[in-house]
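K.L.:
Respectively, the protein sequence lines represent chains Z and B. Each residue of the first sequence is one higher than the one before, counting from 23 in this note's numbering. Each residue of the second sequence is one higher than the one before, counting from 6 in this note's numbering. For each residue, glycine too, the CB sits at the ideal point set by N, CA and C. My structure is below; once you've seen it, I'll send some questions.
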Amino acid sequence: MGRTKNKPRNNLNTAISETYSTVNSIKAESLLASFDLPAAEFFALVTQSVDRHRLRVFDTHTGTVNNEFSSDKEDKFTCLTWGKIYDGDLNGKVDTPPPKKKKKLSSQIQQFSKVIALGLQNGSIAIYSIAHGGIIKTLSGSHKLPINNFIFSKNGKKAYSCAEDAYIVEWDFEKGDMISKWKADAQTTKYIITLSHDETKLLSAGHTIKLWDLRLKQVLKSFTGHVSIITNIMFSVNDDICVSTAEHDRFINIWQCKGNEPQGVGFSALTLDEDTKGLSISKFNAILAISETGIINIFRDVNSHSPVQLNKKKKRFTTQTPDCVIKVLNENDNTVIPIFSACFLDENENEKSGFIMIARGSTVKPIFEKVRFIDEKNGEFLPNVTLVRHPSTGFLVDEFNLAAKNLAATQKPYDESKATVSSSSNYEIPKPPAEIDKPTQNSSTQNSSIQNSLTQNSLTQNSSTQNSLNQEETLETRLKELDLMSVESENSQKSSHAPKFKTLQGNSMQQMLVQALHSNDDHLFNLVLEQTNPEIVNNTVRKLPTKYIIPFLEKVITRFYEKPKSVMNMLQWIKAVTLIHMTYLMTVPDLTRKLSEFYQALDSRSAIFQKLLNFQGRLDLIMQQIAMRKTQEVGTTNGSETIYVESSSDDNISEDGLDIMDNTNESVSEGSSDSDDGSALSSDETDEEESDDDEEEKIVFNGFRSKQQNKEMEVDESDSE
Amino acid sequence: MSPMDTNGFRQLVFDGRQAALHPESQALKISRVVGGCLSSRPIIFSLDSKYFFCSCSNKIKVISVTTGEVVKTIFDSSGNCHNDEITCMMLNPNDPQQLLSGSLDGTIKVWKYSDVELLKKYEFGIPIYRMVILASYPDRFFVVTGIPCKNASCRGKQKAQALLYFRFDKKDQPEMHLLCKSKSMCTGLVTSPDGEFLIISFLRTIRIIKIKLNQQKGQKWPKYTHSSNISCIAIHPSKPYISIGDEYGKITHMYCLKESQIQDPVKSSVHWHPHKVNSLAFTSDGTYLLSGGKESVLVIWQIETGHTQFLPRLGSEIRSVTISPDQTLYAINLLDNSIKILSAINLEIKQAVQGLKHAQVDASIYPLSTGLVIEPRNHLVVLNGLPGTIQFYNPHSDRHVMEHEVSQRTMISRAFEKDIVYPNVNHVSFSSNGNWMATVDSREDGETTPELYLKFWKFDPNSQTYVLNARIDNPHSKAVVSLNFHPGTNDTSLSVVTTGLDNKFKVWKINSESHASQVFKDSVSWMCKFVGSYRQYTPRATAFSQDGSILSVAYDSIITLWDSRSNVLRDVLTLLPNYEFIRHLAFTNNSPFLVVTTQNFLYVWNLLTCTSKYQLSELCYKLLFRNYIST
């Protein structure tokens with residue numbers, strides 16, 4: 023089942039590997055690579071130099087090269103192992119004869135130093151100290167053929183090695199002597215060994231895997247299963263299972279190491295889509311495998327669910343597909359950036375850290391990254407982790423001056439180029455306007471300044487007249503108005519009529535707003551919101567199509583948070599929306615959710631005058647609704663009239679005089695029909711009539727504004743007065 | 006405890022056995038584990054020039070030149086180590102495998118450094134500032150002593166010092182002579198290469214002592230007075246003159262060692278340094294003189310021709326210059342707590358050892374205001390570095406990881422007497438997954454407009470570093486007191502709270518709107534979502550509960566609890582003795598408790614009932630601590 027599923031992915035991956043091979047050509051192949059476990063602070067990498075092998079040790083935190091080493095002779099390194107040794111036994115009895123400074127400690131402290139064991143082609147093992155930056159010890163004399171593998175015991179006193187001559191040698195590390203030597207197999211092939219965590223058993227693997235008892239040097243078990251040469255073998259933490267991978271093989275076999283039967287059983291296998299290259303096992307038996315193309319596959323605890331299978335069918339393999347796939351993609355062309363080494367990071371003893379450390383990119387300049395593979399919240403494996411990264415560049419590395427380069431690499435200069443800069447004015451709450459400021463309120467409230475200013479803002483809005491609002495406008499808006507007026511005055515208009523022209527904008531504002539909302543144009547949107555004239559606000563909002571109401575409201579509310587300075591304007595708009603489109607808003611089902619935050623903010627800020635404000639709000643609502651109803655009534659009568667006017671204008675557009683006549687009639691009738699304030703307005707009416715004339719002229723000049731709109735404007739204006 | 010390395014990390018080491026035997030005795034001992042001042046004293050090269058020794062408080066580190074790694078630490082926990090700061094080191098002239106170290110605790114110890122073995126200990130009983138031992142006379146020491154100063158206030162001030170001559174007999178009993186004394190600090194103590202002269206310089210005076218051990222009173226050299234304050238001296242290896250560096254940057258060669266020129270020595274001077282010369286060193290053949298000072302430029306003088314060669318931009322003020330015995334390496338100690346090893350051939354940096362940068366910064370001007378912050382990604386410690394920077398430091402392996410500039414910084418030397426004021430990083434905070442970092446930095450020199458910036462940095466996985474995302478100018482109208490990230494891990498709903506001396510606290514959030522816009526997909530900006538204050542009190546500290554639902558802001562002695570989502574004031578807790586200001590505030594991990602500390606008290610509040618659960622005075626606290634340790 024698993025295989026049929028994998029088929030299409032297989033194809034995909036082969037496609038990737040083809041493109042990858044071109045990338046591969048520019049990158050030096052890593053011969054040996056290993057992280058310094060368990061903290062993965064260092065990464066050792068052996069690459070091919072011109073005539074010899076070169077070892078480099080990277081600091082994974084900074085990505086810099088700490089050590090660089092290539093031996094004087096034309097040596098090739100055949101294996102690489104990290105180890106910790108401490109010199110100086112308790113009495114400091116041994117004086118080993120290394121060429122350089124001997125390392126020994128006083129009786130109390132045990133200073134561990136990190137070393138790398140390098141297996142050499144000639145059968146000796148060189149111990150490289152990363153503190154000294156040189157070979158401090160050489161183990162030789164026991165092997166004649168190239169070393170295949172070398173392992174340290176945990177206390178650094180013993181070590182084991184195996185070579186192509188099929189011998190396993192046990193070393194006394196401090197003396198540098200061989201303790202014992204035994205033959206692992208008959209065949210001369212590549213062998214690898216691994217030590218169990220309790221250091222009583224040893225696994226050797228060539229074509230077959232053998233489990234050795236270290237005291238008796240006897241084979242406890244042997245496993246067969248891999249066809250090709252085994253490349254990786256590892257014990258789990260409690261030594262009950264081991265995992266192995268082989269050359270040109272896409273299976274990871276899991277073997278049972280407990281039990282007594284001499285023929286060991288492999289009870290489970292993990293499948294990858296491609297050949298496996300690297301292997302790592304965590305403290306919780308999760309297994310990490312790197313495929314040939316540099317993709318990481320992680321399998322969760324292999325031990326937990328396998329025994330059931332074991333009991334049912336003893337000889338059958340069960341296969342498992344990865345629980346987590348981690349790959350790094352090139353930002354530009356989505357090709358895979360290969361991960362060439364990885365390991366689990368087990369920082370805590372009893373807690374799954376859920377991180378792996380990867381080395382990716384080119385071996386010339388690897389990039390190290392910590393990658394999370396376990397979901398933070400539920401602790402589950404993330405099924406797919408895809409990281410999109412820049413391809414690494416800058417391979418021209420000056421090899422000679424490492425220290426200076428490292429120094430520069432650890433210095434992160436200040437760069438402001440990618441940053442957005444905002445100044446405080448956007449975040450400052452404006453001081454309450456002086457002319458409406460009530461000193462008593464100011465002194466009496468011990469409340470915060472926000473609450474003060476906010477409540478005052480709302481008070482200002484309610485109490486202030488249009489004039490006072492205009493006074494509070496920022497210089498910018500004032501300038502803009504000035505600009506507008508100068509444009510208008512070019513059209514041979516007297517400045518006294520400026521308010522009239524503003525009313526004309528009512529329509530265009532709505533269009534601008536719709537356009538701004540539609541195209542998400544912030545600049546345009548801000549232009550609209552800069553309007554503080556209540557009439558423009560009301561008109562614009564009224565004409566706003568219903569489908570834009572909610573987006574508009576949301577946007578205004580965001581502005582409300584962003585720019586406390588313009589809160590007053592915003593509130594005006596918000597208020598207009600709520601008043602005019604109250605009926606619509608009430609039908610929107612999830613509006614409360616959408617506006618809850620805003621509501622809470624308002625609520626908390628005005629908490630101190632709760633009742634008063636509630637009352638004021640309600641009163642406001644009622645008053646405005648009444649006012650609006652009137653307007654609407656007038657509007658309808660007006661509408662019918664305009665139909666007539668329009669039809670007449672259709673008949674004869676050029677006859678302006680007629681229009682004017684109609685218009686005056688209209689306004690007179692309008693005044694008389696309005697029973698409430700007809701008498702009060704009568705004096706104003708005459709003024710308006712005069713101005714109407716002017717306006718009509720202007721319309722003729724402009725030629726594209728319909729009269730119907732103008733009339734509506736007029737009516738609104740007179741109403742609000 | 007010296008004031009010099011207050012910034013080193015310390016670990017409380019509890020000696021259980023001692024406490025059991027003597028419960029009243031001082032059971033807690035502080036030992037420095039990592040950090041410390043590396044470059045405050047000149048380093049010493051081993052004879053093969055492959056290793057060098059640098060003193061770090063009471064330990065000596067042996068560092069490999071090739072790797073820059075600490076090969077071993079000369080330090081012994083069994084009481085053999087120095088109890089106080091090591092002030093001087095030198096190789097035993099008779100046996101270069103031995104290292105002598107003199108300390109303020111009044112002892113000189115002889116170590117076999119290859120084995121870290123204490124060979125001998127000389128007791129002087131007086132603090133040792135400088136020492137000289139001559140090859141021909143073992144067990145005889147010339148030491149400079151003075152009155153030790155314990156508090157930071159007297160640091161750098163003048164204090165009386167004296168040169169003493171010690172002779173230890175077979176039973177290690179010292180015999181003491183006073184050679185000379187001064188009311189000012191000793192600025193240099195050198196011996197001529199043939200061991201004939203001992204030259205000591207004080208602030209203004211230079212004395213030359215001819216060493217004849219049998220009779221002290223030979224021909225007496227007069228007391229030379231220099232026209233300006235002496236900062237360092239050096240002696241030419243072959244010619245009979247000494248070089249004097251002074252605080253105005255002048256280097257004076259004074260030919261005073263020939264008997265004929267005693268009374269009126271010939272002087273010649275060279276002047277390049279605009280500021281104080283901190284160190285002078287001659288190469289062993291005497292053809293070159295190296296000098297370094299505040300300009301962070303190494304000047305190499307060819308003495309015969311007067312030709313000068315410069316190595317500028319070393320990064321920080323040069324404290325001392327040392328030349329390796331094989332004359333191939335120059336070691337430069339810098340004020341940023343680093344040691345740079347230069348190749349003498351091409352003057353390229355061969356190795357650099359970096360300690361905690363803040364250790365030598367003047368803490369009175371640039372305090373360690375960030376505290377120690379744990380970076381969540383690699384669990385590094387983040388703290389103030391040089392002014393305007395933060396340093397990432399790995400405390401486990403005692404390694405410098407990186408220095409991150411938080412504000413624009415140019416290294417310029419001052420033009421006038423007044424020092425240039427650099428911006429200082431006040432606060433650093435990280436989001437819980439390490440994707441974001443927030444910093445506050447400020448600069449106020451009392452002349453120009455005060456600068457205050459809140460900066461947000463986003464982790465860039467490509468370069469594996471933090472990239473500046475947003476800068477907010479003047480987030481508060483006065484200084485920022487605290488900076489805290491919301492513990493949430495969701496990157497789209499992160500928030501940061503800052504408190505300022507303007508009595509406000511502000512909640513900053515990621516602007517998710519622009520995040521969604523199509524044009525700038527990656528652009529995320531930060532904006533202020535909420536400004537709060539409480540009765541015009543000054544907020545002291547803030548803390549988020551572990552689940553992020555509650556924000557608590559501590560005012561003088563009042564704790565306010567806010568709903569962090571809607572920013573509504575939920576509750577107010579008042580401390581009982583309200584004359585003490587709150588210092589720290591922390592939520593417990595999985596229980597509804599809030600822990601508050603003031604100067605003398607520790608409170609634990611239960612947030613479910615809003616009652617104070619415990620209230621401990623300092624005395625109680627100590628007892629509890631002790632109980633906790635002993636159980």
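Pick out the complete beta strand (DSSP E) segments inside the stretch 111–197 of chain B, 3 residues or longer, and give them in chain order.
P.N.:
Counting whole runs of 3 or more residues, the stretch 111–197 of chain B contains the beta strand (DSSP E) stretches 112–117, 122–128, 133–139, 142–151, 166–173, 179–187 and 193–196.
K.L.:
Just checking: is the beta-carbon of B:Asp446 within a distance shorter than 8 Å of some beta-carbon in chain Z?
P.N.:
Judged by the 8 Å Cβ criterion, B:Asp446 is not in contact with chain Z.
K.L.:
Have a look at B:Pro198 and B:Asn342 and give me their C-alpha separation to the nearest angstrom.
P.N.:
Taking the straight line joining both Cα atoms gives about 30 Å.
K.L.:
Give a yes or no on whether 8 Å exceeds the smallest Cβ distance from B:Gly73 to chain Z.
P.N.:
Interface residue, yes.
K.L.:
Under 7 Å, CB to CB, which of the residues in the stretch 330–351 of chain B have a partner in chain Z?
P.N.:
Correct list: empty, as no residue qualifies.
K.L.:
Quick check on the DSSP output: what are the complete alpha helix (DSSP H) runs of length 4 or more inside the stretch 584–613 of chain Z, in order along the chain?
P.N.:
589–602 and 604–609, all fully within the stretch 584–613 of chain Z.
K.L.:
Using a Cβ cut-off of 9 Å, which residues of the stretch 559–581 of chain B contact any Cβ in chain Z, in chain order?
P.N.:
The residues in question are Asp568, Arg570, Ser571, Asn572, Val573 and Leu574.
K.L.:
B:Val326 touches chain Z at which residues, Cβ-Cβ below 8 Å?
P.N.:
Near B:Val326 there are no residues of chain Z at all, since even the closest Cβ is about 18 Å away, more than 8 Å.
K.L.:
Of the choices Z:Asp261, Z:Ile231, Z:Lys239 and Z:Val241, whose alpha-carbon is the least far from that of Z:Gly247?
P.N.:
Checking every option, the nearest Cα to that of Z:Gly247 belongs to Z:Ile231.
K.L.:
Specify the secondary structure class of B:Ile240 as computed by DSSP and reduced to three states.
P.N.:
In the structure shown, B:Ile240 sits in a strand (DSSP, three-state: E or B).
K.L.:
Within 10 angstroms of the Cβ of Z:Pro611, are there 16 or more other Cβ atoms? Answer buried if so, exposed if not.
P.N.:
The residue is exposed, with fewer than 16 neighbouring Cβ atoms inside 10 Å.
K.L.:
Please state whether the Cβ-Cβ distance between Z:Ala206 and Z:Ser175 is less than 8 Å.
P.N.:
No; because the gap between Cβ atoms is not below 8 Å, this pair is not in contact.
K.L.:
Where do the ends of the alpha helix (DSSP H) carrying Z:Ala364 lie?
P.N.:
First-last for Z:Ala364: Ile361 to Leu367, but that is the beta strand (DSSP E), not the alpha helix (DSSP H).
K.L.:
Does any residue of chain B have a CB that is nearer than 8 Å to the CB of Z:Tyr150?
P.N.:
Not one chain B Cβ lies under 8 Å of Z:Tyr150.
K.L.:
For B:Glu422, is the classification buried or exposed, using 16 other Cβ atoms within 10 angstroms of its Cβ as the cut-off for buried?
P.N.:
Exposed.
K.L.:
Throw me the rounded Cβ distance for the B:Thr327 and B:Phe50 pair, which I believe falls under 8 Å.
P.N.:
At roughly 7 Å, the Cβ-Cβ gap stays under 8 Å, so B:Thr327 and B:Phe50 are in contact.
K.L.:
Note down, in chain order, each residue of its chain lying with its Cβ closer than 6 Å to the Cβ of Z:Ile157, except the 5 sequence neighbours on either side.
P.N.:
Answer for Z:Ile157: Ala148 and Tyr150, listed in chain order.
K.L.:
Helix, strand or coil for Z:Leu635, going by three-state DSSP, please let me know.
P.N.:
Of the three classes helix, strand and coil, the one that applies to Z:Leu635 here is helix, per DSSP.
K.L.:
Taking the continuous alpha helix (DSSP H) assigned at Z:Asp544, which residues delimit it?
P.N.:
Element bounds for Z:Asp544: Asp544 to Leu551.
K.L.:
Say whether chain Z places a C-beta atom closer than 8 Å to the C-beta of B:Val387.
P.N.:
Taking Cβ atoms only, chain Z never reaches closer than 8 Å to B:Val387, which makes this a no.
K.L.:
B:Leu711 and B:Val149: beta carbons closer than 8 Å?
P.N.:
What the structure shows of chain B is the stretch from 6 to 636, and residue 711 of chain B is not part of that stretch, so it cannot be assessed.
K.L.:
Residues of chain Z with CB closer than 8 Å to the CB of B:Glu380, please, in chain order.
P.N.:
Ordered by position in chain Z, no residue passes the 8 Å Cβ test against B:Glu380, which lies about 10 Å from the chain.
K.L.:
Would you please verify whether the beta carbon of B:His520 is less than 8 Å from any beta carbon of chain Z?
P.N.:
Reliability fails at B:His520, whose pLDDT of 44 lies under 50, so the model's placement of it is uncertain and the value that follows must be treated cautiously. For B:His520, the answer is no, since every Cβ of chain Z falls outside 8 Å of its Cβ.
K.L.:
Can the beta-carbon of B:Ile68 be found closer than 8 Å to that of B:Ile79?
P.N.:
No, Cβ-Cβ distance for B:Ile68 and B:Ile79 is not below 8 Å.
K.L.:
Strictly by DSSP, which residues pair up with B:Trp277?
P.N.:
According to DSSP, which records beta bridges pairwise, B:Trp277 is partnered with nothing at all.
K.L.:
Is there at least one Cβ from chain B nearer than 8 Å to Z:Lys126's Cβ?
P.N.:
Any reading at Z:Lys126 is ruled out, since the residue's pLDDT is 38, under 50, leaving its predicted position unreliable.
K.L.:
So is B:Arg414 in contact with chain Z if we call contact Cβ pairs under 8 Å?
P.N.:
It does; some Cβ of chain Z falls within 8 Å.
K.L.:
Can you tell me whether DSSP reads Z:His540 as helix, strand or coil?
P.N.:
Note: Z:His540 maps to helix in three-state DSSP.
K.L.:
Is B:Arg448 closer than 8 Å to B:Asn431 when the C-beta atoms are compared?
P.N.:
No, these two residues do not count as a Cβ contact at 8 Å.
K.L.:
Which residues mark the beginning and the end of the alpha helix (DSSP H) in which Z:Ile558 is found?
P.N.:
From DSSP, the alpha helix (DSSP H) with Z:Ile558 extends over Pro556 to Lys565.
K.L.:
Does Z:Ser302 come out as helix, strand or coil in the three-state DSSP assignment?
P.N.:
Note: Z:Ser302 maps to strand in three-state DSSP.
K.L.:
Comparing alpha-carbon positions, which option in B:Leu319, B:Phe461, B:Ile370 and B:Val433 lies nearest Z:Ala430?
P.N.:
The shortest Cα separation from Z:Ala430 among B:Leu319, B:Phe461, B:Ile370 and B:Val433 belongs to B:Leu319.
K.L.:
Under 9 Å Cβ-Cβ, which residues of chain Z neighbour B:Leu473?
P.N.:
Chain Z residues near B:Leu473: Tyr436, Asp437, Glu438, Ser439, Lys440 and Ala441.
K.L.:
What are the residues that DSSP puts in a beta bridge with Z:Tyr150?
P.N.:
The partner list for Z:Tyr150 (beta bridge, DSSP) reads Z:Ile138 and Z:Ile157.
K.L.:
At which residues does the alpha helix (DSSP H) containing Z:Asn177 begin and terminate?
P.N.:
That residue, Z:Asn177, is in no alpha helix (DSSP H); it is neither H nor E in DSSP.
K.L.:
For B:Gln178, count neighbouring C-beta atoms within 10 Å of its own C-beta (all shown protein chains included) and say buried if the count is 16 or more, exposed if not.
P.N.:
Label assigned to B:Gln178: exposed.
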